[in-house]
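What the sequence shown shows, in the UniProt record's numbering, is residues 1 to 310, in sequence order.
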Amino acid sequence: MGEIKVSPDYNWFRSTVPLKKIIVDDDDSKVWSLYDAGPRSIRCPLIFLPPVSGTADVFFQQILALTGWGYRVIALQYPVYWDHLEFCDGFRKLLDHLQLDKVHLFGASLGGFLAQKFAEYTHKSPRVQSLILCNAFSDTSIFNQTWTANSFWLMPAFMLKKIVLGNFASGPLDPEMADGIDFMVDRLESLGQSELASRLTLNCQNSYVEPHKIRDIPVTIMDVFDQSALSTEAKEEMYKLYPNARRAHLKTGGNFPYLCRSAEVNLYIQIHLLQFHGTRYAAIDPSMVSAEELEVQKISLHTSNDQEEQ
Numbered sequence: 001m002g003e004i005k006v007s008p009d010y011n012w013f014r015s016t017v018p019l020k021k022i023i024v025d026d027d028d029s030k031v032w033s034l035y036d037a038g039p040r041s042i043r044c045p046l047i048f049l050p051p052v053s054g055t056a057d058v059f060f061q062q063i064l065a066l067t068g069w070g071y072r073v074i075a076l077q078y079p080v081y082w083d084h085l086e087f088c089d090g091f092r093k094l095l096d097h098l099q100l101d102k103v104h105l106f107g108a109s110l111g112g113f114l115a116q117k118f119a120e121y122t123h124k125s126p127r128v129q130s131l132i133l134c135n136a137f138s139d140t141s142i143f144n145q146t147w148t149a150n151s152f153w154l155m156p157a158f159m160l161k162k163i164v165l166g167n168f169a170s171g172p173l174d175p176e177m178a179d180g181i182d183f184m185v186d187r188l189e190s191l192g193q194s195e196l197a198s199r200l201t202l203n204c205q206n207s208y209v210e211p212h213k214i215r216d217i218p219v220t221i222m223d224v225f226d227q228s229a230l231s232t233e234a235k236e237e238m239y240k241l242y243p244n245a246r247r248a249h250l251k252t253g254g255n256f257p258y259l260c261r262s263a264e265v266n267l268y269i270q271i272h273l274l275q276f277h278g279t280r281y282a283a284i285d286p287s288m289v290s291a292e293e294l295e296v297q298k299i300s301l302h303t304s305n306d307q308e309e310q
């Protein structure tokens, strides 16, 4: 593999935003790694959950841009959990530790599935104010690997990495997408066998979202029109599950639009969070809100979408 092309923004991010490590379980080996940036006065921040191959820093472009606009954002890397209930229980303890009653969740792929499961898990005492689901799915059976899910823990790391890399785009790509994939391959290399095995287990063990438990939560479904690991059927299932969801379509972006189409993704995030401005669930410092600026951004986004559809 060639040398990874790291952007100056990433180097700046690593030098300015500290990585925190938090243990909330009785098991000391279960360590949450996270970046918590932006105004601490915000009590309902936006939390990012990565895909199987991702670490907390894959969202560095969102952290830099959104905190610059006055938002509080937290990007997570999960410990080793082997089932969804265990993950949800650990995540709830983490929110308690951070003293956060309600949060907005942005989940990418597996992160999107876990975000939905957590909203479902806490539906009687809601902790999720809204969801942004990027290239996400609602039923693990789409990967046709539920029968192998219980054997991932036995497989060596190189084999697990091969399984994950099989879902990465191949063939000619524009430079931003190629750089994004290189970055994700590098992040994948940094994950150990148990981290990867547990994530693939969560990704593939037999489970699905129960929509009636989370139908009142505002949702934005973000997906791409070009090649990604998600089938058309899986996308259609998401639209059916959330008929009232806002849709944020990106013409291109592959599996990792938050890396290679970050400006568009960041704009869609702002538009999603706009509905909470002026409420106790705002993820932005009120003094940083410029209604005129957001209105201009909304108009520009609608204009670009209209042009794409023509």
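Each residue gets a CB set at the ideal place from its N, CA and C atoms; glycine is no exception.
Three-state secondary structure assigned by DSSP to residue i
i, result
"Val128", "strand"
"Cys44", "coil"
"Val58", "helix"
"Lys161", "helix"
"Phe152", "helix"
"Ala115", "helix"
"Lys93", "helix"
"His84", "helix"
"Met1", "With a pLDDT of 37 at Met1, under the threshold of 50, the modelled position of this residue cannot be trusted, and the question is left open."
"Phe13", "helix"
"Gly107", "strand"
"Ala178", "helix"
"Tyr71", "strand"
"Ser33", "strand"
"Gln77", "strand"
"Leu19", "coil"
"Leu100", "coil"
"Leu49", "strand"
"Leu173", "coil"
Nearest-angstrom Cα separation, counted from residue j out to residue i
i, j, result
"Lys21", "Thr279", "30 angstroms"
"Lys240", "Ser138", "10 angstroms"
"Leu230", "Tyr258", "16 angstroms"
"Phe143", "Leu165", "14 angstroms"
"Gly90", "Asn167", "28 angstroms"
"Val80", "Asp28", "11 angstroms"
"Val24", "His84", "16 angstroms"
"Pro211", "Phe118", "12 angstroms"
"Asp36", "Leu105", "14 angstroms"
"Ile153", "Val58", "For the record, residue 153 in the displayed sequence is Trp; it is not Ile. Using only the alpha carbons, I get a separation of about 25 angstroms."
"Ala149", "Leu98", "32 angstroms"
"Ala157", "His277", "44 angstroms"
"Val289", "Asp9", "24 angstroms"
"Leu160", "Arg199", "10 angstroms"
"Ala248", "Lys93", "31 angstroms"
"Ile47", "Lys162", "29 angstroms"
"Ala65", "Pro175", "21 angstroms"
"Tyr242", "Arg215", "7 angstroms"
"Ala75", "Gly171", "30 angstroms"
"Ser7", "Gln62", "14 angstroms"
"Glu195", "Lys30", "10 angstroms"
"Phe60", "Phe13", "7 angstroms"
"Tyr268", "Asp26", "38 angstroms"
"residue 380", "Thr232", "The structure shown does not extend to residue 380, since the chain is modelled only from 1 through 310, so no value can be given for it."
"Lys124", "Leu100", "17 angstroms"
"Glu236", "Phe113", "15 angstroms"
"Asn266", "Met222", "11 angstroms"
Sequence-distant residues of the same chain with beta carbon closer than 8 angstroms to residue i, five excluded per side
i, result
"Thr55", "Ser33, Gln77, Arg187, Ser190, Leu191"
"Tyr208", "Ser138, Asp139, Thr140, Ser141"
"Asp96", "Val24"
Same chain, Cβ closer than 6 angstroms to residue i, neighbours up to 5 away in sequence not counted
i, result
"His272", "Ile132, Thr220"
"Leu250", "Val224, Pro257, Arg261, Glu264"
"Gln307", "Caution applies to Gln307, whose pLDDT of 47 falls short of 50 and renders its modelled position unreliable; the model cannot decide the point."
"Ser228", "Asn135, Gly254, Asn255"
"Tyr121", "Cys88"
"Thr201", "Trp82, Ala149, Phe152"
"Gln193", "Ala157"
"Gly180", "Phe256, Leu259, Cys260"
"Thr252", "Asp226"
"Met177", "Gly254, Cys260"
Residues near residue i by beta carbon distance below 7 angstroms, same chain, minus five either side
i, result
"Gln310", "Confidence in Gln310 is poor, its pLDDT being 46 and thus under 50, which makes the residue's placement unreliable; the coordinate value appears in the next sentence. Contacts found: none."
"Tyr281", "Cys44, Lys102, Gln129"
"Pro51", "Ala108, Ser109, Leu110, Gly111"
"Met155", "Ala197"
Beta strand (DSSP E) runs wholly inside the segment 183-259, at least 3 long, in chain order:
Counting only runs of 3 or more, we get 219-224, 246-250.
Can we say the segment 181-191 touches the segment 59-73, given the rule of at least three CB pairs closer than 8 angstroms?
Touching, no.
Report yes or no: do the segment 275-290 and the segment 41-61 share at least 3 C-beta pairs separated by less than 8 angstroms?
Under the Cβ criterion (8 angstroms, minimum of three pairs), the segment 275-290 counts as touching the segment 41-61.
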